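Here the protein sequences come in this chain order: U and S.
Residues in the first sequence are numbered consecutively from 1, following our numbering.
Residues in the second sequence are numbered consecutively from 1001, following our numbering.
Even glycine gets a Cβ: it sits at the ideal position worked out from N, Cα and C.
All values derive from a computational prediction rather than experimental measurement.
Here's the structure we're looking at; comments come further down.
2 protein chains.
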Amino acid sequence: MADLKNDRFLRALMREPVDRTPLWMMRQAGRYLPEYRATRQQAGSFMGLCTNPELACEVTLQPLRRYAMDAAILFSDILTIPDAMGLGLYFAEGEGPGFERPLQGAADIEALEPERAVSELGYVMDAVALIRRELKGEVPLIGFSGSPWTLATYMVEGGSSKDFAKVKALAFNEPAVMHSLLEKLADAVALYLGAQVAHGAQALQIFDTWGGALSHAAYREFSLNYMGRIIEQLPKTAEGRRVPVIVFTKGGGQWLEAIADCGADAVGLDWTTDIGDARRRVGDRVALQGNMDPSMLFASPERIREEVTTILEGFGAGTGHIFNLGHGITPGVNPDHVSAMVDAVTGLSGQYHAP
Amino acid sequence: MADLKNDRFLRALMREPVDRTPLWMMRQAGRYLPEYRATRQQAGSFMGLCTNPELACEVTLQPLRRYAMDAAILFSDILTIPDAMGLGLYFAEGEGPGFERPLQGAADIEALEPERAVSELGYVMDAVALIRRELKGEVPLIGFSGSPWTLATYMVEGGSSKDFAKVKALAFNEPAVMHSLLEKLADAVALYLGAQVAHGAQALQIFDTWGGALSHAAYREFSLNYMGRIIEQLPKTAEGRRVPVIVFTKGGGQWLEAIADCGADAVGLDWTTDIGDARRRVGDRVALQGNMDPSMLFASPERIREEVTTILEGFGAGTGHIFNLGHGITPGVNPDHVSAMVDAVTGLSGQYHAP
């Protein structure tokens, strides 16, 4: 493997000194880029893109050609694991993802095989290995997975949901069954992320997209616990270097202290949290990632620059901040506005890291 | 007007002693009730129901016939004001609300007339007066409105939105234009709520459904400020009694201290906040309303009772708690499960109010 030329991202995750604040962007390989849309069309379908390592590699690298991002993130979907477990993932036009065979009860859960998260997902590992090779050490590669709770919501609801009625009814009425599902998913995610590391991922992010739909108590019981269980099982180092883990619970701003104690190296923040307050709350336990409102990219370049300044100033001096959006970039954003954000971070953040 | 027989709700809002914790339920007049669905069918359409004072009164009273609720809430829609301002509200089957003529820019905003929130909404005032009369003093009547920010999101987006791209672009790029819209809406809401009080409403709630989509700073600038501006303009008393105001920002759990300072008598909590923590944070500045996860009503009666106990115990001894869900009740809930919740609150809460 080529030596890593830019380790700013990995260093900031470990709260080691850096020359400026590193940045990347959730969903940076995405529909806002014309070159992404062209490759997506070439692939024929979204899953066609995910399952083709060459095309997945291509879209992963596209944003790096445009912007001074300090990390690449594997292009894939958060629902590969349930698909590998036999639920039949599909994407209907204009709708969210769906499963042909959602979980109907305890027997379906009993039959789930966590090992399939590795045995059936060779295409993901091939993509990881290829991307890592093609990166040529320019920046580190982030592997990722959905959180057990987030995967469970789709697997039980059969797709996206507004109120999570089915999965919450299962959690509230049959907690033992729900816990057996979450245990299996945690083990599957741990295997999956471990395999991504084995194939070249240098940092990991767990996307807990729907943890914020739970109550404070239910979040700890059904989501956070299982992210901790995953982290316990992950390799701490690879290639002689720490493999840092970022946990991102959208809507988790009230629970930062608890999240900071789950074993992760860094906590992702959505834009509802003041990053300065967040830093005071978590102290030096974890690094913080975030947290510009993705919709700020619809504002003018001047306004974007102002917002970047506010966030950098909010975190303040010292390491431990990875600049990012507070959620994935929205389709329809002008790519030049991303440049404005990147230029602001790279141009303005050095002063917070003066030796 | 008949004397008020049950003032538990109004007393708790003012943090005065009560014999047990009062309760009501957001969207208590709603689709989970078969009698509501029958009246809705009779009305022909949702707006037909809203604009017919007799039918609006009927559905307002329906949940009170089943459950020991301590308040009635006017049956209406949060988007009556923009409709009255000429935007043309419609409800397409299976979609959310929409506007035929969304706001396109500064000229459209300039043309908006706040007075129309009263002059065009006689049907709302007729419903308020009729409901108040028909309540015969059994329980107090809550009037309500959407918050200026929440109304603005629909008026600019033209309907529901996932990312609020248009309204946020307006707020970020042309803050002066956005503020002129929000000022007009605040004044319209103040007139509207004032007229509801004049027609018999005894307490008021401002529903800030989409405040939680903003960043911490943008929330204060674009939502909370304007709820404060409304409260300043409202009559403090009517019929010789304080008219308490509840502010409910869904997703506002991180900002409770600021919300508690906006001038409201009570703050609504969604289910992501621990109500005990919330009480410690706001002290005796405001009463708290909430905060059971609406999806808990899909659980068993035993589990519901357990959750009610946890919330009552979480708030602890003393007045200042109004039991409610953390958001509107979900269609599809079994009405017997609501009974389980109501029985638990009425049966178990007395111990927290021992003299």
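Bridge-paired residues (DSSP) for residue i
i, result
"Met292 (chain U)", "U:Leu325"
"Ala1203 (chain S)", "S:Ile1142"
"Pro97 (chain U)", "U:Phe91"
"Asp1208 (chain S)", "S:Thr1249"
"Thr1237 (chain S)", "S:Arg1242"
"Leu1023 (chain S)", "S:Phe1323"
"Gly1159 (chain S)", "S:Gly1098"
Interface partners of residue i on chain S, CB under 8 Å
i, result
"Asp163 (chain U)", "Pro1294, Ser1295, Thr1330"
Chain U residues whose Cβ lies nearer than 9 Å to that of residue i
i, result
"Gln1254 (chain S)", "Gly253, Gln254, Thr272, Thr273, Asp274, Asp277"
For residue j and residue i, believed in contact at Cβ under 8 Å, the rounded distance
i, j, result
"Gly281 (chain U)", "Leu256 (chain U)", "Here residue 281 (chain U) turns out to be Arg, not Gly, going by the sequence shown. The Cβ separation is near 5 Å, so the contact holds."
"Tyr36 (chain U)", "Gly44 (chain U)", "With 8 Å as the limit, Tyr36 (chain U) and Gly44 (chain U) do not qualify as a contact, their Cβ atoms being about 14 Å apart."
"His1199 (chain S)", "Met1125 (chain S)", "5 Å"
"Leu23 (chain U)", "Val342 (chain U)", "7 Å"
"Leu112 (chain U)", "Met85 (chain U)", "5 Å"
"Asp1270 (chain S)", "Lys1250 (chain S)", "5 Å"
"Thr1272 (chain S)", "Gly212 (chain U)", "7 Å"
"Met1026 (chain S)", "Pro1244 (chain S)", "So it is not a contact: roughly 16 Å between Cβ atoms."
Proximal chain U residues relative to residue i, where beta-carbon distance stays under 7 Å
i, result
"His1216 (chain S)", "Thr272, Thr273, Asp274"
"Arg1303 (chain S)", "Phe172, Asn173"
Chain U contact residues for residue i, given Cβ-Cβ distances below 8 Å
i, result
"Gly1212 (chain S)", "Thr272"
"Ala1169 (chain S)", "Ser295, Phe298, Ala299"
Chain-ordered chain S contacts of residue i [CB-CB under 7 Å]
i, result
"Ser300 (chain U)", "Asn1173"
Nearest residue (CA-CA) to residue i, options the options
i, options, result
"Leu1193 (chain S)", "S:Trp1271, S:Val1118, S:Cys1262, S:Phe1248", "S:Val1118"
"His1216 (chain S)", "S:Phe1298, S:Thr1249, S:Ala1111, S:Gln1254", "S:Gln1254"
"Asp1277 (chain S)", "S:Gly1316, S:Ile1246, S:Glu1239", "S:Gly1316"
"Cys1262 (chain S)", "S:Lys1166, S:Ile1329, S:Ala1299, S:Arg1229", "S:Arg1229"
"Leu1234 (chain S)", "S:Ala1072, S:Pro1017, S:Gln1205", "S:Gln1205"
"Pro1140 (chain S)", "S:Asp1083, S:Leu1061, S:Val1156, S:Ala1287", "S:Leu1061"
"Glu307 (chain U)", "U:Glu110, U:Asp108, U:Ala340", "U:Ala340"
"Asp1007 (chain S)", "S:Lys1166, S:Gln1202, S:Tyr1154, S:Met1026", "S:Gln1202"
"Asn1225 (chain S)", "S:Gly1143, S:Val1247, S:Pro1331, S:Arg1303", "S:Val1247"
"Leu312 (chain U)", "U:Thr330, U:Ala344, U:Pro335, U:Pro301", "U:Ala344"
"Lys236 (chain U)", "U:Ala72, U:Ala213, U:Thr21, U:Ala190", "U:Ala190"
"Asp187 (chain U)", "U:Asp208, U:Asp163, U:Gly158, U:Pro148", "U:Pro148"
"Gly1350 (chain S)", "S:Phe1009, S:Lys1005, S:Glu1134, S:Val1018", "S:Val1018"
"Glu95 (chain U)", "U:Ile78, U:Gly159, U:Leu49, U:Arg40", "U:Gly159"
"Pro102 (chain U)", "U:Leu325, U:Met155, U:Ser145, U:Ile81", "U:Met155"
"Asp83 (chain U)", "U:Leu55, U:Thr51, U:Arg132", "U:Thr51"
"Gly1290 (chain S)", "S:Leu1079, S:Ala1107, S:Ala1266, S:Gly1283", "S:Ala1266"
"Glu115 (chain U)", "U:Glu93, U:Gly105, U:Glu138, U:Thr80", "U:Thr80"
"Arg1303 (chain S)", "U:Asn334, U:Pro355, U:Gly326, U:Phe172", "U:Phe172"
"Ala287 (chain U)", "U:Pro294, U:Pro335, U:Met178, U:Ala264", "U:Ala264"
"Asp966 (chain S)", "S:Glu1120, S:Ala1127, S:Leu1087, S:Ala1092", "One cannot answer for residue 966 (chain S) here, as it falls past the ends of chain S, which runs 1001 to 1355."
"Thr1150 (chain S)", "S:Thr1021, S:Arg1066, S:Thr1209, S:Val1128", "S:Thr1209"
"Val1197 (chain S)", "S:Ala1092, S:Ala1129, S:Ala1056, S:Pro1294", "S:Ala1129"
7 Å Cβ cutoff, residue i in contact with chain A
i, result
"Leu64 (chain U)", "The structure shown contains no chain A; its protein chains are U and S."
(message) Extract the residue ranges of the alpha helix (DSSP H) inside the stretch 1026 to 1072 of chain S, only unbroken runs of 4 or more that lie entirely within it.
(response) Taking 4 residues as the shortest admissible run, the stretch 1026 to 1072 of chain S contains the following complete alpha helix (DSSP H) segments, listed from N- to C-terminal end: 1034 to 1043, 1046 to 1051, 1053 to 1066.
(request) Output the residue ranges of the beta strand (DSSP E) runs that lie fully inside the stretch 1246 to 1318 of chain S and measure 3 residues or longer, sorted by chain position. (result) 1266 to 1268, 1287 to 1292
(request) Within the stretch 105 to 144 of chain U, note down every full alpha helix (DSSP H) run reaching 4 residues or more, in order along the chain. (result) 106 to 110, 116 to 119, 122 to 135
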